[in-house]
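Engineer: Dumping the structure here so I can ask a few things about it.
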Amino acid sequence: MGIKQIIICCISFLFLLCTETAAAEIAQGTEIQITVNESSQSSPAIYSDRIVWQDERNGNWDIYMYDLFNSTEVQITTNESAQWDPAIYRDIIAWEDRRGDDGNVCMYNLSSSTESQVTTDESYQGYPAIYEERMTWLDGRESIYMYNLSTLTEIRLLTNERGGLCDIYGDRIVWEEWDNGSSDIYMYDLSTSTKTPIVTDESNQRWPAIYEDKVVWEDWRNGNPDIYMYDISTSTETRITTDESDQQRPDIYGDRIVWDDFRNRNYDIYMYNLSTSREIQVTTDESNQENPAIYDNRIVFTDYRKGNPDIYVFAFVTLGNDPVEGIKELKKYVFSLNLYSSVENIFDAKIKNAICYLERGDEDNALRELESFIQCSYFMQEKGRVEDKEAEYIVGEAQRIISLIRNS
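Each number in the numbering used here corresponds to the 1-based position in the sequence shown with 1 added.
And the structure:
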């Protein structure tokens with residue numbers, strides 16, 4: 002081989018090495034398909050075990066809900082007009098409703114099984130967001146409004162604001178505000194009645210989301226949409242994504258930020274962990290996965306792998322170095338898989354016994370229960386009661402916990 006060929010090979014090797022190093026880590030967990038109807042299902046939202054979305058199976062858009070705990074699907078709205086873009090918090094589901102001339106916000110109370118209309122103005126109201134007893138929305142009256150679920154009253158917070166998409170957490174409302182042809186992100190603090198700019202760059206900043214002291218959004222200042230974050234407690238702005246392709250529509254829960262990402266020439270779901278400063282690729286299918294929403298260890302999104310948009314959920318776990326806490330987290334993950342009740346009962350008994358033995362200091366019997374748990378997993382996989390990917394993951398985590406116990 003000549004010198005020229007050797008140089009070319011070295012350069013190629015270094016390029017591949019750099020490419021592999023730059024690639025994002027792949028998330029460990031399980032994808033679950035929530036909807037199987039051949040019509041369109043999109044725009045999911047999640048709170049705890051409940052997932053809501055807009056669904057076109059009846060010839061118009063309706064709101065549906067899936068309960069992960071009970072493995073049950075429920076149709077929430079039945080009106081023949083369109084109901085879009087749901088939000089959920091505890092027992093309240095809200096959405097944009099088109100049964101009038103323009104959009105209004107309506108809601109459904111799961112506890113009382115009652116539907117009610119929140120807004121009645123003739124202008125447009127849509128894209129609701131809920132936190133505890135407060136609801137806000139995009140409003141065509143060029144003002145920022147809030148609805149108090151306890152007193153059933155609408156409050157105008159600011160006037161002459163060309164507000165766009167919004168979100169709420171605690172006493173803080175964030176929204177995109179359009180002025181002079183571009184959008185910025187602003188915040189209103191209900192406790193102090195003050196409006197504060199979060200970002201006012203000349204380019205567009207859109208799609209804000211807030212959790213505790215952190216605000217995230219889609220930012221176009223670099224010529225393509227990137228994800229940025231602002232920490233209210235430290236008054237610092239951080240660029241989260243640097244890839245030259247499109248990253249857009251972020252959501253945040255705890256230390257985790259999720260978005261849809263076009264770097265692989267299709268839209269995938271990515272996540273950034275603020276605690277570990279790690280970027281993780283959540284979905285790897287070659288079709289498009291879009292519109293993520295996150296709650297705890299679950300990410301819901303719209304998925305096009307079957308040709309029509311469906312709702313999927315990705316469940317992941319992060320187990321620490323405490324075996325008892327690790328087993329408890331493993332139990333949460335197992336119960337998120339919607340297994341047969343008989344299978345869940347067997348796994349539950351093994352997990353409970355292992356925890357009980359560990360708390361008593363009986364590591365030998367705890368190890369026997371975990372090893373039995375692994376054998377049950379293999380058996381259920383062989384019988385088709387547990388998917389191969391799910392079985393591989395829970396066995397791997399059980400083996401990791403066994404290693405923690407033996408090395409403790």
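We put the beta carbon where it would ideally sit given N, CA and C, even for glycine.
If you're wondering where the values come from, they're calculated on a predicted model, not measured in any experiment.
Got a sec? Which residues, its chain only, sit under 8 Å from Thr154 by beta carbon, not counting five neighbours each side?
Structural biologist: The residue labelled residue 154 in the question sits at position 153 within the sequence shown. Closer than 8 Å at Cβ, skipping near neighbours: Tyr148.
Engineer: If you follow the alpha helix (DSSP H) that Arg361 is in, where does it begin and where does it stop?
Structural biologist: By one-based count along the sequence shown, residue 361 stands at place 360. Here the alpha helix (DSSP H) through Arg361 covers 342-361.
Engineer: Excluding the 5 residues flanking Tyr132 on each side, which residues of the same chain have their C-beta closer than 8 Å to its C-beta?
Structural biologist: Locating residue 132 in the sequence shown gives position 131, where the first residue counts as 1. The residues are Tyr90, Ile169, Tyr170, Gly171.
Engineer: If you draw a straight line from the C-alpha of Val387 to the C-alpha of Leu338, how long is it?
Structural biologist: As a first step, residue 387 must be located in the sequence shown, where it is residue number 386. As a first step, residue 338 must be located in the sequence shown, where it is residue number 337. Their Cα atoms are separated by approximately 9 Å.
Engineer: State the DSSP-derived secondary structure class of Asn408, mapped to helix, strand or coil.
Structural biologist: For the purposes of this step, residue 408 is identified with residue 407 of the sequence shown, where counting begins at 1. Helix, per DSSP.
Engineer: Following the continuous alpha helix (DSSP H) through Lys332, name the residue where it begins and the one where it ends.
Structural biologist: In the sequence shown, residue 332 corresponds to position 331, counting from 1. Looking at the DSSP string, the run of the alpha helix (DSSP H) that includes Lys332 is 324-336.
Engineer: Decide if Gln376 is buried, meaning its Cβ has at least 16 other Cβ atoms within 10 Å, or exposed.
Structural biologist: Translated into positions along the sequence shown, residue 376 becomes position 375. So Gln376 counts as exposed.
Engineer: Going straight from the alpha carbon of Asp286 to that of Asp304, what length do you get?
Structural biologist: For the purposes of this step, residue 286 is taken as the residue at position 285 of the sequence shown. For the purposes of this step, residue 304 is taken as the residue at position 303 of the sequence shown. Each residue's Cα considered, the two are about 9 Å apart.
Engineer: Which same chain residues end up closer than 6 Å to Phe348 when comparing Cβ atoms and leaving out the 5 residues on each side of it in sequence?
Structural biologist: Locating residue 348 in the sequence shown gives position 347, where the first residue counts as 1. Correct list, in chain order: Val335.
Engineer: How many Å lie between Gln84 and Ser44 at the Cα?
Structural biologist: On the sequence shown, position 83 is the one that residue 84 refers to. On the sequence shown, position 43 is the one that residue 44 refers to. Taking the straight line from one Cα to the other gives about 11 Å.
Engineer: Can you find the residues in the same chain that come closer than 8 Å, C-beta to C-beta, to Arg257, ignoring five residues on each side of it along the sequence?
Structural biologist: Along the sequence shown, one-based indexing puts residue 257 at 256. Once the five neighbours on either side are set aside, the close Cβ partners of Arg257 are Met272, Tyr273, Asn274, Leu275, Ile295.
Engineer: When you measure from the CB of Val175 to every non-hydrogen atom of the ligand ZN, does any distance come out below 7 Å?
Structural biologist: Inclusion of the ligand ZN in the displayed structure is not the case, the ligand content being empty and no account of it being possible.
Engineer: Any chance the stretch 117-127 sits against the stretch 71-80, with 3 or more Cβ pairs inside 8 Å?
Structural biologist: The stretch 117-127 is not in contact with the stretch 71-80.
Engineer: Grab me the residues of Tyr67's own chain with a C-beta within less than 6 Å of its C-beta, minus the 5 sequence neighbours each way, in chain order.
Structural biologist: Looking up residue 67 in the sequence shown gives position 66. Answer for Tyr67: Ile35, Ile52, Glu74, listed in chain order.
Engineer: Provide the residue(s) that pair with Gly127 in DSSP beta bridges, ordered along the chain.
Structural biologist: Mapped onto the sequence shown, residue 127 falls at position 126. Answer is Leu139.
Engineer: For Asn181, count the other beta carbons within 10 Å of its own beta carbon; 16 or more makes it buried, fewer makes it exposed. Which is it?
Structural biologist: Within the sequence shown, numbered from 1, the residue matching residue 181 stands at position 180. Flag for Asn181 reads exposed.
Engineer: Tell me the DSSP bridge mates of Lys196?
Structural biologist: On the sequence shown, residue 196 is found 195 positions in, with the first residue counted as 1. DSSP lists Tyr189 as partners of Lys196.
Engineer: Using beta-carbon positions only, say whether Asp214 and Ile199 come within less than 8 Å of one another.
Structural biologist: Here the question's residue 214 lines up with position 213 in the sequence shown. Here the question's residue 199 lines up with position 198 in the sequence shown. Result no, Cβ atoms of Asp214 and Ile199 do not sit closer than 8 Å.
Engineer: If you run the structure through DSSP and keep just helix, strand and coil, what is Val314?
Structural biologist: Along the sequence shown, read from residue 1 onward, the residue named residue 314 stands at position 313. Residue state, collapsed to three classes: strand.
Engineer: Would you report the Cα separation of Thr22 and Gln282, rounded to the nearest angstrom?
Structural biologist: Here residue 22 refers to the residue found at position 21 when the sequence shown is read from its first residue. Here residue 282 refers to the residue found at position 281 when the sequence shown is read from its first residue. Any reading at Thr22 must be qualified, since the residue scores a pLDDT of 37, below 50, and its modelled position is unreliable; the value itself is stated next. Each residue's alpha carbon lies about 14 Å from the other.
Engineer: Output the distance between the C-alpha atoms of Gln249 and Asp63, rounded to the nearest integer angstrom.
Structural biologist: Counting from 1 along the sequence shown, the entry for residue 249 is found at position 248. Counting from 1 along the sequence shown, the entry for residue 63 is found at position 62. If I take the Cα positions, the gap works out to 26 Å.
Engineer: Of the choices Asn408, Ala350, Tyr125, whose alpha-carbon is the least far from that of Arg163?
Structural biologist: Within the sequence shown, the letter at position 162 stands for residue 163. Minimum Cα distance to Arg163 is reached at Tyr125.
Engineer: With distances taken Cα to Cα, identify the nearest neighbour of Pro251 among Ser236, Pro226, Glu238, Asp244.
Structural biologist: Locating residue 251 in the sequence shown gives position 250, where the first residue counts as 1. Measuring from the Cα of Pro251, the nearest candidate turns out to be Pro226.
Engineer: How big is the Cα-Cα spacing for Gly30 and Val325?
Structural biologist: As a working mapping, residue 30 is identified with position 29 in the sequence shown. As a working mapping, residue 325 is identified with position 324 in the sequence shown. Distance between the alpha carbons of Gly30 and Val325 is about 20 Å.
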